[in-house]
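In terms of the numbering used here, the sequence shown is residues 53 to 310. The next block holds one structure in the form of structure tokens; read it before the comments.
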Amino acid sequence: MTPVAIVTGASSGIGAATARRLATEGFHVVAAARRADRLDALVKEIKAAGGQATAQVCDVTSDESVAALAATVRALPGPVTLLVNNAGGARGLDPIELGSIADWQWMYDVNVLGTLRVTQVLLPLLEASGAGTVIVLSSTAGLVVYEGGGGYTAAKHAQTALAETLRLELCGRPIRVIEIDPGMVRTEEFGLVRFGGDAERAAAVYAGVAQPLVADDIADCIAWCATRPHHVNVDRLVVRPLAQAAQHKVHRVGGSRS
């Protein structure tokens, strides 16, 4: 039977790229996100290319919505072997003294509690497969803080702590836990969400960066980790573009290093 992979936040960016890639790797992909129209288009695309996929509308901040996702997954015939916790995002770039409590709350709910909800409800199915994998898509922001990023880095640090703790707690059971931490990835929506739809501010983040990472680069990393022999656990994969030597050091065309 075809193994089942669940990808949250699959309606765009890294999530959509990951769903496409995992389908080519032989998974039946359950693409989960809030926007039904985008999910339906993605599933049609995957099926047209010869892959297997199912769309499931899911808001990871809702217990009821995550329960519906789990019900859809249980109804599929194949073993549930992979969960990619990709849903997340950032809002704002304000210093802590001016930060929006609502933005901080949203970032924690989506990045941390969303990962917690989905992982909790699917762990029994992953364990029952005998070879389960949980991938947590965190960020280099989960390892290093930066000015203006207090809310996002706090949420991503918490998500990293969740992944590390889960790995300890599952030791001896047939579920591996993999954390992937991308640096600068240019996608169509991440910056727009962060800056409230301000396309100019979103684009400025990548100004002068010759080749930031793109969604397909991260999907490639996810697929590589997920398809290693199951006794191989990639605890943490940190991936940045060549131009980004560290969180605070980025080469920009024209000689600027920020």
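All C-beta atoms in this analysis are idealised placements derived from N, C-alpha and C, irrespective of residue type, glycine included.
Take residue i as the anchor and find which of the options has the nearest alpha-carbon.
{"i": "glutamine 299", "options": "Val136, Gln211 and Gly201", "result": "Gly201"}
{"i": "alanine 127", "options": "Val197, Asp161, Val56 and Ala71", "result": "Val56"}
{"i": "threonine 212", "options": "Leu289, Leu74, Trp158 and Thr106", "result": "Leu289"}
{"i": "aspartate 4", "options": "Ile66, Glu77 and Glu199", "result": "No answer is possible for residue 4: the residues shown for the chain start at 53 and end at 310."}
{"i": "tyrosine 160", "options": "Val112, Pro147, Thr124 and Val132", "result": "Val112"}
{"i": "alanine 88", "options": "Thr70, Ser63 and Gly103", "result": "Ser63"}
{"i": "alanine 122", "options": "Trp158, Ile98 and Leu177", "result": "Leu177"}
{"i": "valine 196", "options": "Ala183, Ala210 and Val188", "result": "Ala210"}
{"i": "valine 266", "options": "Ala105, Val136 and Ala68", "result": "Ala68"}
{"i": "alanine 142", "options": "Asn285, Gly203, Leu174 and Gly249", "result": "Gly203"}
{"i": "tryptophan 156", "options": "Gly102, Arg246 and Met53", "result": "Arg246"}
Against chain C, with Cβ distances strictly below 8 Å, would residue i count as a contact?
{"i": "threonine 185", "result": "Looking at the structure shown, chain C is missing, and only one protein chain is on hand."}
By a C-beta neighbour count over all protein chains shown, 10 Å radius and 16 as the cutoff for buried, is residue i buried or exposed?
{"i": "histidine 80", "result": "buried"}
{"i": "cysteine 273", "result": "buried"}
{"i": "cysteine 277", "result": "buried"}
{"i": "leucine 150", "result": "exposed"}
{"i": "glycine 306", "result": "exposed"}
{"i": "valine 284", "result": "exposed"}
{"i": "valine 205", "result": "Here residue 205 is threonine; the residue named in the question, valine, does not match the sequence. Classification of threonine 205: buried, given that the 10 Å Cβ count is 16 or more."}
{"i": "proline 234", "result": "buried"}
Specify, as a first and last residue, the run of the beta strand (DSSP E) that residue i falls within.
{"i": "proline 147", "result": "Taken as a continuous stretch (DSSP letters only), proline 147 belongs to no beta strand (DSSP E), as it is neither H nor E."}
{"i": "glycine 202", "result": "No beta strand (DSSP E) holds glycine 202; the alpha helix (DSSP H) holding it covers 202–221."}
Could you tell me the distance, in whole angstroms, from the CA atom of residue i to the CA atom of residue j?
{"i": "methionine 236", "j": "alanine 207", "result": "17 Å"}
{"i": "serine 191", "j": "glycine 130", "result": "31 Å"}
{"i": "glutamine 172", "j": "alanine 255", "result": "36 Å"}
{"i": "threonine 124", "j": "glycine 260", "result": "44 Å"}
{"i": "leucine 145", "j": "valine 291", "result": "22 Å"}
Determine the DSSP secondary structure at residue i, reduced to helix, strand or coil.
{"i": "valine 82", "result": "strand"}
{"i": "valine 286", "result": "coil"}
{"i": "proline 234", "result": "strand"}
{"i": "alanine 259", "result": "coil"}
{"i": "threonine 167", "result": "helix"}
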